[in-house]
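So the sequences go chain by chain: B and S.
Take 0 as the starting number for the first sequence in numbering that gives the first Met the number 0 and just add one per residue.
Take 0 as the starting number for the second sequence in numbering that gives the first Met the number 0 and just add one per residue.
Some notes on the structure that comes next.
Number of protein chains: 2
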Amino acid sequence: MERYARYAGLFKALSDPNRLMIVDMLSCGELCACKILERFDITQPTLSHHMKILCDCGLVSGRKAGKWTYYSLVEKAAQDFKDFLNAVITAEENCVCGADNNEECC
Amino acid sequence: MERYARYAGLFKALSDPNRLMIVDMLSCGELCACKILERFDITQPTLSHHMKILCDCGLVSGRKAGKWTYYSLVEKAAQDFKDFLNAVITAEENCVCGADNNEECC
DNA sequence: ATAATATATCGACACCTATCTATGCGAGAG
DNA sequence: CTCTCGCATAGATAGGTGTCGATATATTAT
Numbered sequence: 000m001e002r003y004a005r006y007a008g009l010f011k012a013l014s015d016p017n018r019l020m021i022v023d024m025l026s027c028g029e030l031c032a033c034k035i036l037e038r039f040d041i042t043q044p045t046l047s048h049h050m051k052i053l054c055d056c057g058l059v060s061g062r063k064a065g066k067w068t069y070y071s072l073v074e075k076a077a078q079d080f081k082d083f084l085n086a087v088i089t090a091e092e093n094c095v096c097g098a099d100n101n102e103e104c105c
Numbered sequence: 000m001e002r003y004a005r006y007a008g009l010f011k012a013l014s015d016p017n018r019l020m021i022v023d024m025l026s027c028g029e030l031c032a033c034k035i036l037e038r039f040d041i042t043q044p045t046l047s048h049h050m051k052i053l054c055d056c057g058l059v060s061g062r063k064a065g066k067w068t069y070y071s072l073v074e075k076a077a078q079d080f081k082d083f084l085n086a087v088i089t090a091e092e093n094c095v096c097g098a099d100n101n102e103e104c105c
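Next comes the structure, spelled out in structure tokens:
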């Protein structure tokens, strides 16, 4: 259950259209905050809020360079997340369903 | 942007640990509501609420049979979702990043 | 018909979220 | 040192979310 709670945080981080698009942009490479901001109709503090959420969940990392902050996707976190989703939607040995599906219901 | 908003709804549906675990259980096959309820420390109305969210986003479907309601994963929706996530975290031709990454920043 | 059972809906509550404006803070430029 | 610029933080606000107890609805059993 700990595992589910941890990944649920990642799903929540991507549950906003703006953040989803930001991650898509970052998948092509590092971008500075102002470049990201250009593509959205939100204020700078709002973008900062979204970037913090993406960083806090571990999917994105920020790098300060002078006045600018560059954000990039954390490849390993993204892969782990993808693998987790795949495991969740795929039938597995040792699944949480408990393997008592074949019992008569109720 | 429409596309992001649509899938953001799916991420939101999976942003709760209980719902994430429910989907994992359903990936092994159809389950009746009471069987699902057994595995959680929540009340029946709360489970009903979660199942409605999972159904509304298209990831799960419900089938009434007498007194019972059986829920199952919608395989195509799950696959499409997985493919979308993969596209988002992978660099692509024709990406939303706009391909102007190589410009000097700001 | 009446009772029991499975599930959904309603109304309430505490908490969280996305957004804004205003402000703070650190780095470079003059 | 002071000004400007990029970004983060604080505070406010409207709306959403997870949970519950109470109740409604529908189906099966008596």
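Built from N, CA and C at the ideal position, the CB exists for glycine as well.
For B:Thr-45, the enclosing alpha helix (DSSP H) covers residues 43–55. For B:Gly-61, the pairing in a beta bridge is given by DSSP as B:Tyr-70. Residues of chain S with a Cβ closer than 7 Å to the Cβ of B:Tyr-3 are, in chain order, Pro-16, Leu-19 and Met-20.
The Cβ neighbour count for B:Ile-88, taken over all protein chains shown within 10 Å, is at least 16; the residue is labelled buried. The three-state secondary structure of B:Cys-31, taken from DSSP, is strand. Taken through DSSP and simplified to helix, strand or coil, S:Asp-15 comes out as coil. It is roughly 14 Å from the alpha-carbon of S:Ile-35 to the alpha-carbon of S:Lys-51.
Taking all protein chains in view, the Cβ of S:Arg-18 is crowded by 16 or more other Cβ atoms within 10 Å, so the residue is classified as buried.
Its chain contains no residue whose beta carbon lies nearer than 8 Å to that of B:Ser-14 once the 5 sequence neighbours on both sides are disregarded.
For B:Lys-81, the chain S residues whose C-beta falls within less than 7 Å of its own C-beta are Leu-84, Asn-85 and Ile-88, listed in chain order.
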